[in-house]
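See structure below.
In our numbering, the protein residues as written are 304 to 483.
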């Protein structure tokens, strides 16, 4: 993994910290080498936290979003994170893949397509909604890790606020990239 950005802001700073992530993401082509960024994580005293305890069990459930382009290791990272959290993994590829492939084939489209305007029009929002509804059901009982590209969402400064409002927990967003 070339770059991992962890966004787990304190309450009240969500929008400001998300804007920093969006700004960092826009500079990614200029970054070289592996970098770990944890600019937003603080401990209960308000001091910078090195993240060493970030995967320890909590008394309340946590929502983690693992995002990035195809081939950067989202699924592998998400599986490892879910295992360490003793949580549930909701990977867009495995949760919805059979239905999407069948739907594309029935529509006379390439079942492997994930980039065309037709795929995005017919399936993209429904795939994410399946993940979010399943996450909501599971968050009542267990930590949840959602894996998907979330390309459009990463550019929206209000997305983490929308997630927090929808799920009742502040999400941790992991953005992964891979060096060429």
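Glycine included, every Cβ here is placed at the ideal spot set by N, Cα and C.
CA-to-CA distance, residue 418 to residue 425, given in whole angstroms: Here residue 425 corresponds to residue number 122 of the chain shown, with the count starting at 1. Here residue 418 corresponds to residue number 115 of the chain shown, with the count starting at 1. So the two alpha carbons sit approximately 11 Å from each other.
Candidates 393, 406, 438, of which the one nearest residue 466 by Cα: Position 163 of the chain shown, counted from the first residue, corresponds to residue 466. Closest option to residue 466, Cα to Cα, is 438.
As assigned by DSSP and simplified to three states, the class of residue 454: Start at 1 with the first residue of the chain shown, and residue 454 comes out as number 151. Here residue 454 sits in helix by DSSP.
Per-residue DSSP class, three states only, for residue 372: Here residue 372 refers to the residue found at position 69 when the chain shown is read from its first residue. In this structure, residue 372 counts as coil in the three-state DSSP scheme.
Sequence-distant residues of its chain with Cβ nearer than 6 Å to residue 404 (five each side left out): Mapped onto the chain shown, residue 404 falls at position 101. So the list reads 414, once near-sequence residues are dropped.
Buried or exposed by the 16-neighbour rule on C-beta atoms within 10 Å, applied to residue 333: As a position in the chain shown, residue 333 is number 30, starting the count at 1. Because residue 333 carries a pLDDT of 41, less than 50, the predicted location of this residue cannot be relied on, and no value is offered for it.
Separation of residue 380 from residue 369, as counted between CA atoms: As a working note, residue 369 is residue 66 in the chain shown. As a working note, residue 380 is residue 77 in the chain shown. So the alpha carbons of these two residues sit roughly 8 Å apart.
Beta-ladder partner(s) of residue 394, from DSSP: Residue numbering aside, residue 394 sits at position 91 when the chain shown is read from its first letter. Answer is 450, bridged to residue 394.
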